[in-house]
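K.L.:
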Amino acid sequence: MLVRVDGASRSLPEGLKDLGAGVIEVAGYRMLVEASVEMAEKVFGRRLDFLALANPTAVRFLVKALDELGLDLQESLEGVTIAAVGPATAEAAGSHFLVPDMVSTGHIADLAEALAKGACSP
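Numbering of the sequence shown is given in our numbering, commencing with residue 133 and proceeding in unit increments.
1) Could you tell me the distance, in whole angstroms, from the CA atom of PHE182 to the CA atom of GLY147?
2) Output the distance between the C-alpha atoms of PHE229 and GLY238, rounded to the nearest integer angstrom.
3) Can you tell me whether DSSP reads MET234 as helix, strand or coil?
4) Could you give the DSSP three-state label for PHE229: helix, strand or coil?
5) Only counting the same chain, and skipping five residues up and downstream in sequence, which positions put a Cβ closer than 8 Å to that of SER208?
6) Leaving out five residues before and five after THR221 in sequence, what residues of the same chain have Cβ atoms less than 6 Å from its Cβ?
7) With DSSP collapsed to three states, give me the class of VAL137.
8) From which residue to which residue does the beta strand (DSSP E) around VAL158 run?
9) Of all the options MET171, TYR161, ILE156, which has the alpha carbon lying nearest to the alpha carbon of GLU200?
10) Does the Cβ-Cβ distance between GLY218 and VAL231 come in under 8 Å?
11) What is the DSSP secondary structure of ALA183, counted as helix, strand or coil?
12) Taking its Cβ as the centre, do 16 or more other Cβ atoms sit within 10 Å of VAL191, making it buried, or is it exposed?
13) For the alpha helix (DSSP H) containing ALA190, name the first residue and the last one.
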């Protein structure tokens, strides 16, 4: 049994099936986006330096929230350094024409280190 977020990537269950496993998938939880004008003002009402995307779901939720608020993704993130945790997150960002400036190896700690190095670079 594979319990995970509703709408998660198909790579894990497909990979397990390719290895011969019988996979029973259960959507154990669902993440919801609550986009509001207040949220948009908090996030985009000031200059952002960095945007850290922790996983592909975070990318989907960001895109959905901006769309629901009527904000243009490219315009909202113009000049913002975008960092992604791992290649899967970078690929999800790329599918929305967001090209991460930094991509960690797949761990949050690696992203924090990459951000620190990027912030300190001349």
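From the three backbone atoms N, C-alpha and C, an ideal C-beta is built for every residue, glycine too.
P.N.:
So, to answer that:
1) Going from the Cα of PHE182 to the Cα of GLY147 covers about 33 Å.
2) Their backbone Cα atoms lie some 20 Å apart in a straight line.
3) Here MET234 carries a strand assignment [DSSP, helix/strand/coil].
4) Secondary structure at PHE229: coil, using DSSP grouped into helix, strand and coil.
5) Apart from the 5 residues on each side of it in sequence, SER208 sits with its Cβ closer than 8 Å to the Cβ of PHE176, LEU198 in its chain, given in chain order.
6) Sequence-distant Cβ neighbours of THR221 in its own chain, meaning closer than 6 Å and more than five residues away, are LEU185, ASN187, PRO188.
7) Looking at VAL137 - three-state DSSP - the assignment turns out to be strand.
8) Here the beta strand (DSSP E) through VAL158 covers 157-161.
9) Nearest option by C-alpha distance: MET171.
10) No.
11) Before going on, a small fix: residue 183 reads as Leu here, not Ala. Residue state, collapsed to three classes: strand.
12) Burial call: buried.
13) Looking at the DSSP string, the run of the alpha helix (DSSP H) that includes ALA190 is 188-200.
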